[in-house]
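Novice: Chains as they are written, first to last, in the numbering used here: chain A, 126 to 1044; chain B, 2 to 129; chain C, 85 to 150. My questions all concern the structure below.
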Amino acid sequence: MITGALIVVLSFGYVGLLFALAYYGDKRADAGRSIIANPYIYTLSLAVYCTSWTFYGSVGRAATSGIGFLPIYLGPTLMAALWWYVLLKLIRISKAHRITSIADFIASRYGKSHLLGGLVTIIAVLGIVPYIALQLKAISASFSIILQYPTEALVIDSFSDLPFLHDNTFYIAMLLAAFTILFGTRHLDATERHEGLVAAIAFESVVKLVAFIAVGCFVTYGMYDGFSDVFRKAAALPEFNALLNQGGAAGNYTNWLSLTVLSMLAIILLPRQFQVAVVENVDERHLNKAIWLFPLYLLAINIFVLPIALGGLMHFPAGTVDADTFVLTLPMTERVTWLALLAFIGGLSAATGMVIVETIALSTMVCNDLVMPILLRWKYLRLTERRDLSGLLLGIRRGAIIVVLALGYGFFYLAGEAYALVSIGLISFSAVAQFAPAMLGGLFWKGGTRLGALWGLTAGFLVWLYTLLLPSFAKSGWLPITFLTEGIFGIDLLKPQQLFGLQDLDDISHCLFWSMIANIGLYVTISLWRRPTATEHGQANLFVDVLRYVAAGSGSRFWRGSATVIDLQTLLGRFIGPERAHEAFAAYARSQGIQQIEKLTANAVLVHYVESQIAGAIGSASARDMVASVVDEEPLALDEVMAIIDEASQALAYSRQLEEKSRELQSATDELRKANQRLQELDRLKDDFISTVTHELRTPLTSIRAFSEILSDNPQLDQAQRGKFLGIITRESERLTRLINQVLDLAKLESGAADWNPSEMDMREVIEEAATALSQIYKERNIRLELQLPEITPPVTADRDRVMQVVLNLLSNAANFCEKPDSRVCITLEHRSEALQIEVSDNGIGISPADQAIIFEKFRQVSDMPAGKPKGSGLGLAISREIIEHFGGRLWVDSTPELGSRFCFTLPLQRIGGAALAA
Amino acid sequence: MQKSVLIVEDEESIALSLEFLLRKEGCAVACARDGTTALQMIAQQPPDMVLLDVMLPLMDGFELCRRIRVDPALKKTRILMLTARGRENEIARGMSLGADAYLTKPFSTRELMGTVRSLLGAGMPATP
Amino acid sequence: MIKPVLKGQRLVALFLLGALLFNYPLLALFAGSERVLGIPLLYLYLFTAWIALIGLMALIIERTDT
């Protein structure tokens, strides 16, 4: 006999154990020795997915639809394979932006929108509260059943007539509220992590798994002789074949697919799943093992579902016992007291785990995305001026927990056995599935906008309301059934579950189809209608490319403004309490390597830090408003944001810099190599120069020495020959002297050490003088010299002797090129606009293009000089060019071989850059 | 028997001094001012010796030396190279190309004539 | 974080495989009334495929060679 007292003590004892465990977990966390920081606890906490709907409901569903219960667990298995990308992204983003709920996530993704956050919260509350009611109902029902031990319950709906003060479920709900408040809102913290609570949830997952498998083993191996035996004996059941034929009672393949998709989405979009998988995640590496361990948990808890269902169907006469209670009633009917109690505790753990986490998640949303934004805007509350808001915030959280649980209990109390409660699991799944386009779209598509998400969510939500929730109300008798059978206002096409005449789908698939058409359609269409704003674009980049950015703090790059450290600390203190704010600032200062808070600078990183700390307490959208209230923020224009993004969002930005650097290095190396080559070249030139000078000096020396020795050794030489040889010696000596002078001259010119005596001079006069000086040579060689000089030329400032040197050099070169009988050399002077131009042209042999290129170089001479002409030193043109360029002019040559050459030079009328003066 | 010598030198005054010295020695002397002219003259009438300047217009002394040495008909022609560049590597290059002797400008006339005599052989009559 | 892109891609491939295994038309192949050791084929198939999928996931995750 199991007494009511025993059950009550057991139930409350179990919840008390949870309290102790959670308390221990929190203590360990405070001491910095987390008991939940491993992938196994993480996986077990994810198993909060399995509620009493799994524990009791799967068997019930299997009893009526065979393997039809499986898609609810196959979907999450498939999704687990995608967690690698999806969940990892969610965790990274949420940690970077201190996101603590789905509402916050979606609001933050689309530019920190209050409206979106509120809408998501409303949908979540409407979709989830009945689901919580379902858990409470399971607790209540299991109470009633186990109290009738040892006779298994036949009728179990008597509790609905009880005044709620006599209803144990009410006290359980109260206890859960206390638990949630105690361990869910111990303090306000940016991370919103609750280690003790997670420890308790993980423990509950162990309890429900152990209990279910114990019952499964008992039925399969105790009551029957293994799986084969169960199935063989069940084959006698009339409905057996239908149960195991997927196309039969299990529903069609479309339903199968819809349930798979819905549960895939639910495993990440259910508020409780987001809470444990994302918010409570300690280390993203735990995700690794969870990817395969979590599906394994699901498989383990499902393996005995069908045997228990079949066992129940065979054991109890048809219709006498609700299949939903087989897990509990089978041990009871076999009089296995401990197993019955274990099954009861298992069911209790499945229900309470869900209620606790779901309530936490919903209350965070309600507080951060619904209540706070409204309160903060309510000017006359003057909340924005309150010094410490942390107490108020905790109060709101706790209030929200109580309200959510009260709503759940209220719904349970009102709905009771109604249809609405039975099918509520899938209705909840369908509700949260509406978050999928905005959430997953926002995770992988940068183009989604706030308006698109808003309209998509609204439309999907309304379709869900019309095609799924309201019909379930109608089936429960709360709305006229004609709403279902005849459509609203009697319009046939608007029948809620045969919308626009679509009749072939079951109600879940029907809702999924139409709501997703509306949701995705509007989300995409409206998003594509308009360019995203700067904020939307910035957030989109941060979210979609999160795996490319370094974990936290990236948001600050999109902020610019000024604030004081004191203002920021005071602001944070108002939300999480002055002491915790001080701690947070001290921690921040330490992380920046700064000793005192006073020495912090209020830069973008600090502002972002404060904003994310506040975001943990009141949601990202409100946090942004709050920070903006103490910060003089300069809005970034779209193009500036785009510039930042374009610069930064490229994954290769950094490596591009590296490439740039290595390219610079490369070019520096190239320049070095070139400089080195140039140096070697100069060195070689110097060697060549010395070698050439040596050669040029030795040549006249050779003649001088040879003839001197000849004269000395041959005293018998006749007078004429002696005179000739002496003449050669004299000429070569002069040549030697000239050469030495020119080498020295050129060295001076090149080194800039030359003496210049600039003065105003008359170019015409210089030319005439030079012509006179050379007239004897020209006459000797029978070359005609023509002068074409204007009457008057403007005076030019230059060194008269040097210019004379140039003219003489050109004239004597010209004479050397002339060998034809009617040779002539013409020198002209022209007054051009800015300069005087002097040309010396001859009709001699000309200079080949190859020689034209080199004759201005030192010691480079025309290679085919007419034989017998006196050779120059090879320095004349080099020196001339130095002189002309010194005065800002140019010296060049044009020549046609065989026809003659023309050497030209210019002297600017206005001196360039004061070069002459400086010299 | 009178020895024939070709002087290849573009410096007129140096060529003049060489011509004087060799004629006094009793040689038949011809002069060329550049490499190609010299090559033609050698081909027409192979001399007993070539006095060769290195820095020549049109074809330098090294190239001329090489060409003389590859012609089997000119096997007996002695080559005395004269250069204003006295570097070892140039001397080595000249010798490797087959020059018989090498003198650096400015040279001593007595040394030059000594070298010429030894290259042309003892049979050379000393003229007063 | 464990970065290899290859692991992620293998898991996506596994997702596609699972989506194929757990849906029409493959399911229809096993929907008959045949039994293996008394256990209905469809039931056996689903659980076998499921455990195989989990095994492959574990293999991909736990293998360190990538």
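Ideal Cβ placement from N, Cα and C applies to all residues, glycine included.
At the level of alpha carbons, what is the spacing between PHE536/A and LEU395/A?
Specialist: Taking the straight line joining both Cα atoms gives about 19 Å.
Novice: Go to PHE1028/A, then tell me how far its alpha helix (DSSP H) extends in each direction, as first and last residue.
Specialist: Run containing PHE1028/A: none in the alpha helix (DSSP H); it sits in the beta strand (DSSP E), 1025-1033.
Novice: Would you say SER265/A reaches chain C, if we count a Cβ-Cβ gap shorter than 8 Å as a contact?
Specialist: No, SER265/A does not count as interfacial toward chain C.
Novice: May I have the straight-line CA-CA distance separating ALA154/A from VAL140/A, to the nearest angstrom?
Specialist: So the two alpha carbons sit approximately 21 Å from each other.
Novice: Comparing alpha-carbon positions, which option in SER828/A, SER219/A, ALA263/A, GLY437/A lies nearest LEU17/B?
Specialist: Closest by alpha carbon: SER828/A.
Novice: Judging by CA-CA distance, which residue of GLN93/C, TYR108/C, LEU128/C, ARG94/C is the nearest neighbour of SER353/A?
Specialist: Out of GLN93/C, TYR108/C, LEU128/C, ARG94/C, LEU128/C has the C-alpha closest to the C-alpha of SER353/A.
Novice: Whole angstroms are fine: how far does the CA of GLN962/A sit from the CA of ALA1043/A?
Specialist: Note that ALA1043/A scores a pLDDT of 38, beneath 50, so its modelled location is shaky; the value from the coordinates is reported in the next line. Going from the Cα of ALA1043/A to the Cα of GLN962/A covers about 24 Å.
Novice: Can you grab the Cα-Cα spacing for the pair GLY122/B / ARG863/A, in whole Å?
Specialist: Whole-angstrom Cα-Cα distance: 42 Å.
Novice: Less than 8 Å between the C-beta atoms of ILE326/A and GLY533/A, yes or no?
Specialist: No.
Novice: Is THR84/B closer than 8 Å to ASP35/B when the C-beta atoms are compared?
Specialist: No, the pair does not count as a contact, with Cβ atoms beyond the cut-off.
Novice: Is GLN962/A helix, strand or coil by DSSP?
Specialist: Three-state result, GLN962/A: strand.
Novice: Considering only the beta carbon of each residue, do ALA434/A and SER488/A sit closer than 8 Å?
Specialist: Result no, Cβ atoms of ALA434/A and SER488/A do not sit closer than 8 Å.
Novice: Please report how far the alpha carbon of VAL335/A lies from the alpha carbon of PHE700/A, in whole angstroms.
Specialist: So the two alpha carbons sit approximately 42 Å from each other.
Novice: Give me the Cβ distance between VAL184/A and ASP494/A, rounded to the nearest whole Å; I'm assuming they're in contact under 8 Å.
Specialist: Not really, about 37 Å apart at Cβ, beyond 8 Å.
Novice: By DSSP, does VAL950/A sit in helix, in strand, or in coil?
Specialist: In this structure, VAL950/A counts as strand in the three-state DSSP scheme.
Novice: Counting C-beta neighbours from all protein chains within 10 Å, is the total for CYS175/A 16 or more, i.e. buried, or is it exposed?
Specialist: By the 10 Å Cβ count, CYS175/A comes out buried.
Novice: Once you ignore the five residues that flank LEU23/B on each side, which residues in its own chain have a CB closer than 6 Å to its CB?
Specialist: Taken in chain order, the residues that qualify are VAL6, VAL30.
Novice: Does any C-beta atom of chain A lie closer than 8 Å to the C-beta of TYR108/C?
Specialist: Answer yes: the Cβ-Cβ gap between TYR108/C and chain A drops below 8 Å somewhere.
Novice: In terms of residue numbering, what span does the alpha helix (DSSP H) encompassing TYR129/C cover?
Specialist: Looking at the DSSP string, the run of the alpha helix (DSSP H) that includes TYR129/C is 125-146.
Novice: Do you know offhand how far PRO129/B's Cα is from ASN839/A's?
Specialist: Any reading at PRO129/B needs caution, since the residue's pLDDT is 38, under 50, leaving its predicted position unreliable; the model's value is listed next. The straight-line gap from Cα to Cα measures roughly 11 Å.
Novice: Nearest to THR458/A by CA position, among ALA258/A, MET439/A, ALA475/A, is which residue?
Specialist: Comparing Cα positions, the closest option is MET439/A.
Novice: Using only the alpha-carbon positions, how far apart do HIS239/A and ALA746/A sit?
Specialist: One C-alpha to the other measures close to 6 Å.
Novice: If you measure from the beta carbon of THR824/A to each beta carbon in chain B, is any gap under 8 Å?
Specialist: So, interface residue.
Novice: Which of helix, strand or coil does DSSP assign to VAL1018/A?
Specialist: Residue state, collapsed to three classes: strand.
Novice: Do you know whose CA, among LEU98/B, ALA93/B, LYS106/B, lies nearest ARG79/B's CA?
Specialist: Answer by Cα proximity: LEU98/B.
Novice: Give me the Cβ distance between SER515/A and GLY243/A, rounded to the nearest whole Å; I'm assuming they're in contact under 8 Å.
Specialist: The Cβ separation is near 23 Å, so there is no contact.
Novice: What is the rounded straight-line gap between the Cα of PHE441/A and the Cα of PRO124/C?
Specialist: The alpha-carbon atoms of PHE441/A and PRO124/C are separated by roughly 22 Å.
Novice: So ALA709/A and LEU697/A are supposed to be a Cβ contact under 8 Å. How far apart are they, rounded?
Specialist: Right, the Cβ-Cβ distance comes to about 6 Å (below 8 Å), so this counts as a contact.
Novice: Does DSSP put ILE80/B in a helix, a strand or coil?
Specialist: Three-state DSSP puts ILE80/B in a strand.
Novice: Just to confirm the assignment, what range does the beta strand (DSSP E) spanning ASN924/A have?
Specialist: At residue 924/A the sequence reads Asp, which differs from the Asn that was named. Unbroken beta strand (DSSP E) run through ASP924/A: 921-924.
Novice: Just the Cα atoms here: how many angstroms apart are GLN400/A and GLN791/A?
Specialist: Approximately 53 Å, taken between the alpha carbons.
Novice: Which bits of chain A does PRO73/B rub up against, with CB to CB less than 9 Å?
Specialist: By Cβ distance, chain A contributes nothing, its closest Cβ being about 31 Å from PRO73/B, past 9 Å.
Novice: For the beta strand (DSSP E) containing GLN913/A, list its first residue and its last residue.
Specialist: Here the beta strand (DSSP E) through GLN913/A covers 909-913.
Novice: Are there 16 or more other CB atoms within 10 angstroms of the CB of GLN738/A, so buried, or fewer, so exposed?
Specialist: The residue in question, GLN738/A, is buried, as its Cβ has 16 or more Cβ neighbours within 10 Å.
Novice: Can you tell me the Cβ-Cβ gap for ALA940/A and ARG909/A, rounded? I've got them flagged as a contact below 8 Å.
Specialist: Between ARG909/A and ALA940/A the Cβ distance is about 11 Å, and since that is not below 8 Å, they are no contact.
Novice: Assign CYS32/B to one of three DSSP states: helix, strand, or coil.
Specialist: CYS32/B falls in the strand class under three-state DSSP.
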